[in-house]
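> My questions will all concern the structure given below.
2 protein chains.
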Amino acid sequence: MSRDIRISFIGDSFVQGIGDPEHRGWVGRVLQATPRNVTAFNLGIRRNSSEDVLRRCWQEVEPRTLPGADNRLVISFGSNDTIEEDGKVRIDPARCLDNLASILDESEQRAMTALVVGPPPVIDAGEGHLRRTSKLADEMAALCRQRQVPFIATTQGLASDPTWTREVMAGDGAHPGSGGYTKLTDIVLTSLWHEWIAHPGH
Amino acid sequence: MSRDIRISFIGDSFVQGIGDPEHRGWVGRVLQATPRNVTAFNLGIRRNSSEDVLRRCWQEVEPRTLPGADNRLVISFGSNDTIEEDGKVRIDPARCLDNLASILDESEQRAMTALVVGPPPVIDAGEGHLRRTSKLADEMAALCRQRQVPFIATTQGLASDPTWTREVMAGDGAHPGSGGYTKLTDIVLTSLWHEWIAHPGH
Chain A
1 MSRDIRISFI GDSFVQGIGD PEHRGWVGRV LQATPRNVTA FNLGIRRNSS EDVLRRCWQE
61 VEPRTLPGAD NRLVISFGSN DTIEEDGKVR IDPARCLDNL ASILDESEQR AMTALVVGPP
121 PVIDAGEGHL RRTSKLADEM AALCRQRQVP FIATTQGLAS DPTWTREVMA GDGAHPGSGG
181 YTKLTDIVLT SLWHEWIAHP GH
Chain B
1001 MSRDIRISFI GDSFVQGIGD PEHRGWVGRV LQATPRNVTA FNLGIRRNSS EDVLRRCWQE
1061 VEPRTLPGAD NRLVISFGSN DTIEEDGKVR IDPARCLDNL ASILDESEQR AMTALVVGPP
1121 PVIDAGEGHL RRTSKLADEM AALCRQRQVP FIATTQGLAS DPTWTREVMA GDGAHPGSGG
1181 YTKLTDIVLT SLWHEWIAHP GH
């Protein structure tokens, strides 16, 4: 019999599902479309950068793992790192990549199978933000490739999606409604989600 | 302008929404029916007793509060405390009440408006469990009354609800599906949820 899968999803407001009238975001929709029964924990916090996530990651993930279970971690951040405040980006991209590497290394040590979902765009943060976030996403993808951790790119796909951009602009400028979260769900599901779920953990 | 409301929901598998095919449980459904925009965090962990919740409560709630926001806390536990293991209940009821009192005292000190949702029944744990849980729920209600913290009773209402019991018995013996969670949502919404949301925090 296959082991129980327990997944902690850690990240920012997009993980949290801010703006979704159904209050489940892409995480809840992806789980609903997952045939296997999964115990899931949503650890998204709005405005969180990679620094914020790293700071709380293990103290929050630890009580959500179970010895003997197939414990996993889905990580998604970066959109807040590349936001400009007072003329400078919040977190330097090299630092963000170090933070991701640190989390992936620790996951490996804890025998937790990891997956990374790339940073969605923040539409009202403009072209500069989109350029920085796309570049960061590419670098995250390369880092994940080196470690054989699956990476799901979202930045460009969402920035050019009419449902995502329309809902975001009708909302708070950053977060979509149910249509946008459904689009992000589709991106995750049609990437390597199902293989990742089927692949037994460590 | 009224302040942003941020609510952490902390507790056990019922808070987490285990068994719900839509992956949002009563917490997501209650939020969807709440007219005000609320930033919510689901901190439910299956099998958690009041001890487990107390242990992690403030370290997890702290990074989810924002200075100046209307920060609130919804607490729901007890169903695991009253489970019998190896011939004794997991957590003595007096201890469970102390744990609740401790969390409510700390909420007060942190100026976080609190609300308590009583423990749902665990159908396949039998009559003894239902009797213990109902008694514990009454004592929790009395403790909340003393502190003028709203308490929403769920134990008896769910134990006698045909949708809840049918879904639970068709499932894992403890957790319902979407119908049961909708029933629990109705109990919360028709109690004092809306007044609690409308009432400005500290």
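Residue numbers (the numbering used here), protein chains in the order written: chain A, 1 to 202; chain B, 1001 to 1202. Glycine is no exception: its CB is placed at the ideal position from the N, C-alpha and C atoms.
#1: Assign A:Gly173 to one of two classes, buried (16 or more other C-beta atoms within 10 Å of its C-beta) or exposed (fewer than that).
#2: Taking 8 angstroms as the cut-off, decide whether the C-beta atoms of A:Arg90 and A:Asn99 are in contact.
#3: Report the rounded CA-to-CA distance for B:Leu1043 versus A:Arg110, giving the unit in angstroms.
#4: How many angstroms separate the CA atom of A:Val38 from the CA atom of A:Thr65?
#5: Would you say A:Arg3 reaches chain B, if we count a Cβ-Cβ gap shorter than 8 angstroms as a contact?
#6: In angstroms, rounded to a whole number, what distance separates the CA positions of A:Arg3 and A:Gly87?
#7: Let's test the definition: count the other Cβ atoms within 10 Å of the Cβ of B:Met1001 and tell me whether it reaches 16, buried, or not, exposed.
#8: For A:Glu22, name the three-state secondary structure that DSSP assigns.
#9: Using a Cβ-Cβ cut-off of less than 7 angstroms, list which residues of the stretch 50-72 of chain A approach chain C; keep chain order.
#10: Have a look at B:Asp1161, B:Gly1177 and B:Ile1197 and flag the residue whose alpha-carbon is nearest the alpha-carbon of B:Ile1187.
#11: With C-beta atoms as the reference, is B:Met1140 less than 8 angstroms away from B:Gly1078?
#12: Output the boundary residues of the beta strand (DSSP E) element that contains A:Ala69.
#13: Against chain A, with Cβ distances strictly below 8 angstroms, would B:Leu1031 count as a contact?
#14: Please report the distance separating the alpha-carbon of A:Arg46 from that of A:Gln59.
#15: Tell me whether B:Arg1006 sits in a helix, a strand or coil according to DSSP, three-state version.
#16: Going by DSSP, name the residue or residues bridged to B:Val1053.
#17: What is the residue span of the beta strand (DSSP E) that B:Gly1044 lies within?
#18: Going along chain A in order, which residues have a C-beta closer than 9 angstroms to the C-beta of B:Ile1018?
#19: Please check if any C-beta of chain B sits within less than 8 angstroms of the C-beta of A:His23.
#20: Give every residue of the same chain whose Cβ lies closer than 6 angstroms to the Cβ of B:Phe1041, excluding the five residues on either side of it in the sequence, and list them in chain order.
#21: Taking the Cβ atom as the reference point for each residue, do A:Trp26 and A:Gly17 lie within a distance shorter than 8 angstroms?
#22: Check whether chain B comes within 8 angstroms of A:Arg110, counting only Cβ atoms and requiring the distance to be less than that.
#23: For a cutoff of 8 angstroms on Cβ pairs, would you count A:Arg36 as touching chain B?
#24: In whole angstroms, give me the CA-to-CA distance for B:Pro1119 and A:Arg6.
#25: Can you pull the chain B residues whose beta carbon is under 8 angstroms from the beta carbon of A:Ile45, in chain order?
#26: For A:Thr185, name the three-state secondary structure that DSSP assigns.
#27: With distances taken Cα to Cα, identify the nearest neighbour of A:Gln32 among B:Asp1070, B:Lys1183 and B:Ser1178.
#28: Distance check for B:Met1112 and B:Val1053, CA to CA, integer angstroms please.
#29: Kindly list, in the order they appear in chain B, the residues whose Cβ is closer than 8 angstroms to that of A:Gly28.
#30: Quick check: B:Val1149 and B:Leu1115, are their CB atoms within less than 8 angstroms of each other?
#31: Could you please give me the residues that DSSP links to A:Gly157 through a beta bridge?
In this structure, then:
#1: Looking up residue 173 of chain A in the first sequence gives position 173. So A:Gly173 counts as exposed.
#2: Locating residue 90 of chain A in the first sequence gives position 90, where the first residue counts as 1. Locating residue 99 of chain A in the first sequence gives position 99, where the first residue counts as 1. No, Cβ-Cβ distance for A:Arg90 and A:Asn99 is not below 8 angstroms.
#3: For this step, residue 1043 of chain B is matched to residue 43 along the second sequence. For this step, residue 110 of chain A is matched to residue 110 along the first sequence. B:Leu1043 and A:Arg110: Cα-Cα distance of roughly 22 angstroms.
#4: Translated into positions along the first sequence, residue 38 of chain A becomes position 38. Translated into positions along the first sequence, residue 65 of chain A becomes position 65. Cα to Cα, the separation comes out at about 13 angstroms.
#5: Here residue 3 of chain A corresponds to residue number 3 of the first sequence, with the count starting at 1. False, the Cβ-Cβ gap to chain B never drops below 8 angstroms.
#6: On the first sequence, residue 3 of chain A is found 3 positions in, with the first residue counted as 1. On the first sequence, residue 87 of chain A is found 87 positions in, with the first residue counted as 1. Computed Cα separation, rounded: 49 angstroms.
#7: Residue numbering aside, residue 1001 of chain B sits at position 1 when the second sequence is read from its first letter. Residue placement at B:Met1001 cannot be trusted, given a pLDDT of 47 that sits under 50; what the coordinates show is reported in the next sentence. Exposed, because fewer than 16 other Cβ atoms sit within 10 Å of the Cβ of B:Met1001.
#8: Indexing the first sequence from 1 puts residue 22 of chain A at position 22. Three-state DSSP puts A:Glu22 in coil, outside helix and strand.
#9: Of the protein chains in this structure, namely A and B, none is chain C.
#10: Start at 1 with the first residue of the second sequence, and residue 1187 of chain B comes out as number 187. Residue B:Asp1161 is the option with its Cα nearest to B:Ile1187.
#11: One-based indexing of the second sequence puts residue 1140 of chain B at position 140. One-based indexing of the second sequence puts residue 1078 of chain B at position 78. Cβ distance < 8 angstroms, so B:Met1140 and B:Gly1078 count as in contact.
#12: If you number the first sequence from 1, residue 69 of chain A lands on position 69. Premise fails: A:Ala69 is in no beta strand (DSSP E) and is neither H nor E.
#13: Your numbering for residue 1031 of chain B matches position 31 in the second sequence. With 8 angstroms as the cut-off, B:Leu1031 counts as an interface residue toward chain A.
#14: Taking the first sequence and counting its residues from 1, the one referred to as residue 46 of chain A is at position 46. Taking the first sequence and counting its residues from 1, the one referred to as residue 59 of chain A is at position 59. Near 18 angstroms, if we compare the C-alpha coordinates of A:Gln59 and A:Arg46.
#15: Along the second sequence, read from residue 1 onward, the residue named residue 1006 of chain B stands at position 6. Reduced to three states, the DSSP call for B:Arg1006 is strand.
#16: Position 53 of the second sequence holds residue 1053 of chain B. Note: B:Val1053 sits in no beta bridge, so no partner.
#17: By 1-based counting over the second sequence, the position of residue 1044 of chain B is 44. Looking at the DSSP string, the run of the beta strand (DSSP E) that includes B:Gly1044 is Val1038 to Gly1044.
#18: Numbered from its first residue, the second sequence carries residue 1018 of chain B at position 18. Result: Thr39.
#19: Taking the first sequence and counting its residues from 1, the one referred to as residue 23 of chain A is at position 23. Yes, A:His23 counts as interfacial toward chain B.
#20: Within the second sequence, the letter at position 41 stands for residue 1041 of chain B. Excluding positions up to five away in sequence, the list reads Ser1008 and Arg1064.
#21: Working through the first sequence from its first residue, we reach residue 26 of chain A at position 26. Working through the first sequence from its first residue, we reach residue 17 of chain A at position 17. Yes, the Cβ-Cβ distance between A:Trp26 and A:Gly17 is below 8 angstroms.
#22: As a working note, residue 110 of chain A is residue 110 in the first sequence. By this cut-off, A:Arg110 is not an interface position.
#23: Stepping through the first sequence from its first residue, residue 36 of chain A is reached at position 36. Output row for A:Arg36: interface = no.
#24: Translated into positions along the second sequence, residue 1119 of chain B becomes position 119. Translated into positions along the first sequence, residue 6 of chain A becomes position 6. If you take the alpha carbons of B:Pro1119 and A:Arg6, they lie about 24 angstroms apart.
#25: Stepping through the first sequence from its first residue, residue 45 of chain A is reached at position 45. Within 8 angstroms Cβ-Cβ: Phe1041, Pro1063 and Arg1064.
#26: Here residue 185 of chain A refers to the residue found at position 185 of the first sequence. Here A:Thr185 sits in helix by DSSP.
#27: Position 32 of the first sequence, counting from 1, holds the residue named residue 32 of chain A. Closest option to A:Gln32, Cα to Cα, is B:Ser1178.
#28: Counted from its first residue, the second sequence places residue 1053 of chain B at position 53. Counted from its first residue, the second sequence places residue 1112 of chain B at position 112. If you take the alpha carbons of B:Val1053 and B:Met1112, they lie about 17 angstroms apart.
#29: Walking along the first sequence from the start, residue 28 of chain A turns up at place 28. Neighbours of A:Gly28 on chain B, chain order: Glu1022, His1023, Arg1024 and Gly1028.
#30: Here residue 1149 of chain B refers to the residue found at position 149 when the second sequence is read from its first residue. Here residue 1115 of chain B refers to the residue found at position 115 when the second sequence is read from its first residue. It is a contact, given that the beta carbons lie within the stated cut-off.
#31: Walking along the first sequence from the start, residue 157 of chain A turns up at place 157. A:Gly157 is not bridged to any residue.
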